[in-house]
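For the record, the sequence lines run as chains F and Z. Positions 16 to 822 (the working numbering) are the ones given, in order, by the first sequence. Positions 9 to 302 (the working numbering) are the ones given, in order, by the second sequence.
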Amino acid sequence: MTAKTLSLFVGILLVPATASAGMYLDIRDTVTEEMQKYTSELQVQRYVKEVIKPFGSTLTEENVDQALAGELGGTNLCGTVFGGFTFCPFGEEVVRAEIDRVSPVRQLGRDIQAAIAGYELTADGYTGREDTSASLQLAGIVNIWQSGVDELITVHGAGKIRTGTVPEPDDLKPHLNALEGALGALVEMGSGPYDPAKIDRQKLASAVWRYRHGYKKVKASGSCNNGEGDGSSLELLTVRWCDVEDALEDLWNELPSEFTPPLGKKETVIFPSVTLEGLNVIVWMRSDDAGIIWKIPTEPVLPSLLSLTGGVIVYGDYPEIEPGVRLADFIEGGPAENPIPTAPVERSICSHPVGKRGYLCRPHMAAECPEDPPATPANEIRLSDCVKENTRHPVQLTESGPDMCQIGGWRLPLEGGNFSGDDWSAGDDVSGQCKNCYIELGCAGAGSNCTWGLTQPKQADGKIRVCASGDAIPARYVLMKEVSHAQTMCHRNVGLTHSTAEECCSSYWYPSLVACSAMINDGVLNDTDFSAEECASILTDKGCETNFGANACAQIPLKPERVQEFRDAANTVGQSCGDAVSEKDPRIVSLMESAPMLCDPNCKVQYENTIGNNLCYISQCIEQSTEFHRIIPGRIPFVTQDQAFPWDACVNEDPQLGNLGEIPQPDLNVIPPYRGQQLIGEFERYFCSIAGGPQAILPALCSISETRSVGLPSETALGTMQQQSETTTEEQRIIREISSTIGNVSARIATETQLRYLDSAMNHLASLLDSLTEILAGIGEVGFPDVMCPRYHIDGCAEFDPVVVTP
Amino acid sequence: MAAGAPRIFRRSGRGRVMVALSLLVLVGGGTAGLRAFVIDPLSRYPILTRCSMEDDLVTTDLATAEPGMFVFDPSVTDPVHGTPVVQYWSESYHAKVDEIVTEILTSMTLDKSKIECENLNPDDFNEATPGMLSLASKLTPWKKASELATLKKNDVNAVLLEYLRVYECVLKERKEQLLYLTFVDKQAHEDATDDEPLKWWEVLQGETNESAVINREIGDADTGETGIARESLNRTLQLIGGMDLLQPIRVEAECLQRASLEARNAIGLSAEALSCMPRMVNAKDVLRDDEPPS
């Protein structure tokens, strides 16, 4: 099963929750009805009334429960319809048998719901779970750490998350009351003499599941059918509830629509959610949508027994309504029905700003994967696969190491530029301190070298010309890639090109990833299975093809038909290259903004205050300092010659020299596969072993042999005979014990699986933090002199001794 | 220091770096104990007790009875003419379980004000709830104060399952001795009240009344009260059993978030300081002194 399919499955089964007084009692009441000793679910009751027509008569809902309790004998029905008291037990048995057919399915559905919810409630990524989940917290941490570069090359498309408040919460109350009323109207109460009253929540469950991803997507799908389904057993998954939709829309319209500072691209504001305690429902509100989820997910959407319009839905060999007579009008349910199309994940679980950061919503690519992974067994559910990147040398190295943040995009546009009245793109400021180059965008005809984009070498005046044609993939993405690529050339010497394939490939990898992430985030590749990494490997290879030949960057040669498929899929955005140049995408503007130099008294820079952006600034400052000048006293500088200063000899020993930081490999954290079928198979084999059969036997055929007893042998002949006679009972007992045990065993397996993942994930996180701590501690231990290097050096080296700083 | 030379680094900035670093170390080192949150009840609670009504949870004094106990007070209840005893017990059991489950669900909302990242102890967020402690103190595995002191919120499964076992045993024993117990209870009721002397047929009537309840509502493990109680608890534990598994991560995520803010401030300060540092490429920029110090 693919991750996408699974996410739908989980989405259907999971519901929302928080602390709810009486949740256990609700479960107890439901279980009591499911176990049908003397009472049954309202839906089951109504269904049985429709399919059992004893001798042409009609049962009442009350008769169904009376039959269960063995009290049918006291009714008129028994005397008149069932032909007298003698036949009452027969009538009761017919009712019980029918309930037995449908009730276990509903019980199983709720058991699965409970099992899944228990594990995923705090990690499902739904909006509205702020109080019980760490997801939003983790997203907040990402916001604090993430640099603009990370945003550009991250595929999740989540954008930033901001928490907001409603200025006048009282304005929401009427709409919340209307919503509560609309939802409450979907709860049906039984009309019989029940104690307590029977409650049917199937319509409420339908509505909660329907709008868990927001009302807007549902509303946009067409006119509202207002509770009128298609009559199938799955109609509760697709039916709409207009009052609920309207209330949600009114609620959303009441939310603030303007924010300070203004929302960035794909940025989302999450408002405090509201819990409707009586309904076990949480109402969530975002700047882009509003919806509802369960507070405690106890009720799934179960296959209907009666359609919303009253039709009887039968499954398999449905019973006779009386001897020889079957229902004339029925709807066939179960496997005969057409399945509901799988909703795209980006419209379902991955539409939530927190959830879309999860593993179900993005591919798991790694530089290295476990070798020879075992083939996926049939029916195994793999939540995540390790896919090896297909590009050589993805990291670009310069003389002093990797070019930090050099692909750009981490700075904010600077009003007025660094110089008053300066149009930096005109190139008149190249001699200034803030600019080593400027980028000129251009277009070329189809079939030119610009088909996949081209960056020309830096010219003497600092101009770097990039071009696109728009005939391979949309020009805006080609330009995005080339602008990013041009920046890696900005600080290089005039006329230099890539001298080796490795250099070219590493220079193009991240720029390609920027373009591909943008394509995916814009939905250009929505209907394809291209990941950002595969897309980037194609663009990288194409970027170096002119100079180094095809497949210069690919570890596994690209298939031409796959490249063509990529072109066909991507080339759906109707925008000419000229338009892409004249109406620049904001991301291109942001990328170009990162070209000017920084760390000079005359150069202004503006960026969002995140750890990543600050580190980009620091590292680029250091790189600009070291790469444009000499770092070894008395030696030839890298870029320009400079005079030797008399205080060179005063340079102290670098305490970090040779102290290499070890960065843990974070991408081997693969989610363990889930092999549900295998687990069930093992249980069945265990059952066969108890029965004395070989493991190879078909488990379904296993049963306790009458020639053996599971219990200890009896000492007497009478006891042995009794044991023999109870063999069938013994089998039932064992089946029941296995049945009651399997939930506990499954819980342990699930816990162990979760721990295997979390152990690994948390260890990676801990290792990463340890490394970070080490690096930051190293920075903190650097001793700085308290004085600048003077032009005239007359006092020896003592004044340069590092200051001992006491924290 | 040469007179007039500009300072290039603020000492206070470095102090903030160290605060952030110490928090990061704490967070990094604190993630190893996740597995400790998974309890193996068998290794901790090996006490096996007999299946009997002779339990602290069974009492005949309504005045001193606590919620969740199985009460038969002969001065109040007529076992023959009144509501069957087991019906009271059923209501008492389910109400108590519901109370504890509600407590557990309520405690899922993390009180962030209690998190002290410098002295982080995951057990601080795993404290048993009052209802749990009250019930557990009457259950055999936790009767010793030393055992009760080790009880954590994550032990709720063990506590509720032990409570269920006691409940099942109480029902089973009463079912097996129903005729005798009806006689004894009726006798006690007479002694405690001014009721008419016991008549033999009344014993049968009471036994019949309660037996009907037991057989219909208590029944067997497939469909009766015992089956319903066990299945209800199983489903409930499935729901709440895994909910708190990620709580250590939530606690540490909070600390990581706080540390991240500190680190952002410290690194921002470093970036600010760095902007004033001379670049090697600008070795003769305006920040340097152009005259020998006097």
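Think of the CB as a built atom: it goes at the ideal place given N, C-alpha and C, for glycine as much as any other residue.
Residues that DSSP places opposite residue i in a beta bridge
{"i": "Met-204 of chain F", "result": "F:Ile-214"}
{"i": "Trp-309 of chain F", "result": "F:Val-296"}
{"i": "Glu-455 of chain F", "result": "F:Arg-480"}
{"i": "Phe-879 of chain F", "result": "Only positions 16 to 822 of chain F appear in the structure, and residue 879 of chain F is not among them; the question remains open."}
{"i": "Glu-135 of chain Z", "result": "Z:Lys-160"}
{"i": "Glu-303 of chain Z", "result": "Shown here, chain Z extends from 9 to 302; a query on residue 303 of chain Z therefore has no answer."}
{"i": "Arg-177 of chain F", "result": "F:Val-284"}
{"i": "Val-327 of chain F", "result": "F:Leu-321"}
{"i": "Thr-788 of chain F", "result": "Answer by DSSP bridge pairing: none, since Thr-788 of chain F is not bridged."}
{"i": "Val-316 of chain F", "result": "Answer is none; Val-316 of chain F lacks a bridge partner."}
{"i": "Leu-291 of chain F", "result": "F:Val-296"}
{"i": "Leu-469 of chain F", "result": "F:Cys-482"}
{"i": "Thr-67 of chain Z", "result": "Z:Val-79"}
{"i": "Glu-347 of chain F", "result": "F:Val-329"}
Rounded distance between the beta-carbons of residue j and residue i, thought under 8 angstroms
{"i": "Ser-268 of chain Z", "j": "Ile-156 of chain F", "result": "5 angstroms"}
{"i": "Ile-298 of chain F", "j": "Leu-151 of chain F", "result": "One point to set straight first is that residue 298 of chain F is Val, not Ile, in the sequence displayed. Not really, about 16 angstroms apart at Cβ, beyond 8 angstroms."}
{"i": "Gly-276 of chain Z", "j": "Asn-158 of chain F", "result": "Rounded, the Cβ-Cβ distance is 15 angstroms, inconsistent with contact."}
{"i": "Arg-491 of chain F", "j": "Ala-595 of chain F", "result": "4 angstroms"}
{"i": "Tyr-39 of chain F", "j": "Asp-106 of chain Z", "result": "4 angstroms"}
{"i": "Ala-305 of chain F", "j": "Leu-266 of chain F", "result": "5 angstroms"}
{"i": "Tyr-863 of chain F", "j": "Gly-349 of chain F", "result": "Outside the shown range of chain F (16 to 822) lies residue 863 of chain F, about which nothing can therefore be said."}
{"i": "His-367 of chain F", "j": "Thr-137 of chain F", "result": "Actually they are not in contact, since the Cβ atoms of His-367 of chain F and Thr-137 of chain F sit about 15 angstroms apart, beyond 8 angstroms."}
{"i": "Leu-186 of chain Z", "j": "Glu-215 of chain Z", "result": "5 angstroms"}
{"i": "Ala-516 of chain F", "j": "Ala-567 of chain F", "result": "4 angstroms"}
{"i": "Cys-103 of chain F", "j": "Leu-83 of chain F", "result": "With a Cβ gap of about 13 angstroms, Cys-103 of chain F and Leu-83 of chain F do not count as contacting."}
{"i": "Cys-341 of chain Z", "j": "Ser-100 of chain Z", "result": "With chain Z covering 9 to 302 only, the question about residue 341 of chain Z has no answer from this structure."}
Closer than 8 angstroms is the cut-off here; do at least three beta carbon pairs connect the region 481-493 of chain F with the region 574-589 of chain F?
yes
Residues of the region 295-308 of chain F whose Cβ lies closer than 7 angstroms to any Cβ of chain Z, in chain order:
none
Could you list the residues in the region 142-173 of chain F with a C-beta less than 7 angstroms from some C-beta on chain Z, going in chain order?
Asp-146, Thr-147, Ala-149, Gln-152, Leu-153, Gly-155, Ile-156, Ile-159 and Trp-160
Taking only runs of the beta strand (DSSP E) that begin and end inside the region 512-574 of chain F, which ones reach a length of at least 3 residues, in chain order?
none
For the structure I just gave you, are there three or more beta carbon pairs, one from the region 272-281 of chain F and one from the region 254-262 of chain F, closer than 8 angstroms?
no
Kindly provide the ranges of any alpha helix (DSSP H) runs that are 4 or more residues long and lie completely inside the region 145-169 of chain F, ordered along the chain.
150-160 and 163-168
If contact means a Cβ-Cβ distance below 9 angstroms, which residues of the region 136-149 of chain Z contact chain F?
none
Members of the region 241-258 of chain Z near chain F, C-beta cut-off 7 angstroms
Asn-242, Arg-243, Thr-244, Gln-246, Leu-247, Ile-248, Gly-249, Gly-250, Met-251, Leu-253, Leu-254, Ile-257 and Arg-258
Between the region 129-140 of chain F and the region 210-225 of chain F, do at least 3 Cβ pairs fall closer than 8 angstroms?
no
Hey, is the region 418-430 of chain F in contact with the region 455-472 of chain F, meaning 3+ C-beta pairs nearer than 8 angstroms?
no
Residues in the region 477-511 of chain F having any Cβ partner in chain Z nearer than 8 angstroms
none
Could you please tell me which residues of the region 69-95 of chain Z, in chain order, have their CB closer than 7 angstroms to any CB of chain F?
none
Three or more C-beta pairs under 8 angstroms: does that hold for the region 286-300 of chain F against the region 173-182 of chain F?
yes
Closer than 7 angstroms, Cβ to Cβ, to anything on chain Z: give me those residues from the region 245-264 of chain F, in chain order.
none
Between the region 231-248 of chain Z and the region 165-172 of chain Z, are three or more C-beta pairs nearer than 8 angstroms?
yes
Any contact between the region 612-626 of chain F and the region 421-428 of chain F? By contact I mean 3 or more CB pairs, one from each, below 8 angstroms.
yes
Indicate whether the contact test is met: 3 or more Cβ pairs, each with one atom in the region 493-505 of chain F and one in the region 528-537 of chain F, closer than 8 angstroms.
yes
Please determine if the region 449-469 of chain F and the region 554-570 of chain F are in contact, where contact requires at least 3 C-beta pairs separated by less than 8 angstroms.
yes
Determine, using beta-carbon pairs with one atom in the region 320-328 of chain F and one in the region 243-255 of chain F, whether at least three such pairs fall under 8 angstroms.
yes
Below 9 angstroms between beta carbons is the criterion; list the residues of the region 104-131 of chain Z that meet it against any residue of chain F, in chain order.
Val-105, Asp-106, Glu-107, Ile-108, Val-109, Thr-110, Glu-111, Ile-112, Leu-113, Thr-114, Ser-115, Met-116, Thr-117 and Leu-118
Examine the Cβ distances between the region 201-212 of chain F and the region 309-320 of chain F and report whether three or more of them are shorter than 8 angstroms.
no
Can we say the region 532-545 of chain F touches the region 502-522 of chain F, given the rule of at least three CB pairs closer than 8 angstroms?
no
What residues in the region 618-636 of chain F bring their beta carbon closer than 8 angstroms to a beta carbon of chain Z?
Asn-624, Thr-625, Ile-626, Asn-629, Leu-630, Tyr-632, Ile-633 and Cys-636
Can we say the region 149-167 of chain Z touches the region 67-76 of chain Z, given the rule of at least three CB pairs closer than 8 angstroms?
no
Using a Cβ distance threshold of 8 angstroms, determine whether the region 106-120 of chain F contacts the region 49-68 of chain F, with at least three qualifying pairs required.
yes
What are the residues of the region 269-283 of chain Z that lie near chain F, defined by any Cβ-Cβ distance shorter than 7 angstroms?
Leu-269, Ala-271, Arg-272, Ile-275, Gly-276, Ser-278, Ala-279, Leu-282 and Ser-283
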